[in-house]
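Asks: Structure incoming, see below.
Pasting the structure below:
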């Protein structure tokens, strides 16, 4: 299993996301599909993900979950680890290892008849080509679907990926850079369900802090590096909220929370914490001027003198 710090964080984040996705998917439908694909070595993530699913054996009674793993055909270590994990799987959970990378995901999902039922895909494309829109569309065929991508920066060679994901039915998108020393990888999460976006954000800040790995918010113009913490430094969010208010003039707390969820690395709840500090400092004002900071409260930047 890889001890690369970025690899460890990715693995724990996937495990946490699976831990919340699997029971929700199995309560919703009698069948569900988890797909994972790797352009390079998986670093021990693939079998760790399979072992998470073992925990939900009781939810599989009368249902079926399919776990698809795609990796290099010559990765004999992955094949051995997959076989070992496969031997532990309960009835109702079928695991298949197939040769190929991210580009083969549409074929794998079609073979698994995944369309129309819950799908969660983890696609680690680092070191490989950018994912084609056909790959995104295949994942989005799940009902519901969610996608966690790992990519080399800059994301999609600087292209705006949000319209591509929204175009296939995954309109709620957020991203974060994992930074260690002089290297970085970008995580992009996409879904159509606000609750699943919130679950990802909660998992993002709940992972164990690993020495040398920090987050960077792609939307922060100063590129401030953030330690992984349940109470992250508010500086980048403060800057981004003020920039948002400068752009739109005024926004409700609900709108700013949604902006935080989709356009920053922070959780919606962090919005209220930062707004409270900005109000106390007189940097923004609110309407109505008193009472709870509820969703319908309007926030406006205070004009500079």
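In the numbering used here, the protein residues as written are 3 to 307. Glycine is no exception: its CB is placed at the ideal position from the N, C-alpha and C atoms.
Quick check on DSSP: helix, strand or coil for residue 49?
Replies: Here residue 49 sits in helix by DSSP.
Asks: Around the C-beta of residue 250, are 16 or more other C-beta atoms found within 10 angstroms, so that it is buried, or is it exposed?
Replies: Exposed, since its Cβ has fewer than 16 Cβ neighbours within 10 Å.
Asks: How long is the line joining the alpha carbons of residue 56 and residue 141, rounded to whole angstroms?
Replies: Approximately 23 Å, taken between the alpha carbons.
Asks: Determine the extent of the alpha helix (DSSP H) in which residue 281 is found, giving its start and end residues.
Replies: Residues 270–282.
Asks: When DSSP labels each residue in this structure, what does residue 58 get in the three-state scheme?
Replies: Three-state DSSP puts residue 58 in coil, outside helix and strand.
Asks: Would a C-beta distance cut-off of 7 Å place residue 54 and residue 115 closer than the cut-off?
Replies: No; because the gap between Cβ atoms is not below 7 Å, this pair is not in contact.
Asks: By how many angstroms is the C-alpha of residue 73 removed from the C-alpha of residue 39?
Replies: Going by the C-alpha atoms only, they are around 6 Å apart.
Asks: Using the three-state DSSP reduction, which class does residue 63 fall into: helix, strand or coil?
Replies: Here residue 63 sits in coil by DSSP.
Asks: I need the straight-line Cα distance from residue 95 to residue 111, nearest angstrom please.
Replies: The straight-line gap from Cα to Cα measures roughly 15 Å.
Asks: Where do the N-terminal and C-terminal ends of the beta strand (DSSP E) with residue 147 fall, by residue?
Replies: Per DSSP, residue 147 belongs to the beta strand (DSSP E) from 147–153.
Asks: Compute the distance between the beta-carbons of residue 285 and residue 217, then report whether it is under 7 Å.
Replies: Contact flag unset, no.
Asks: By Cβ distance, which residues of its chain are closer than 6 Å to residue 219, with the 5 residues on each side in sequence left out?
Replies: Cβ neighbours of residue 219 beyond the five flanking positions: 238, 266, 267.
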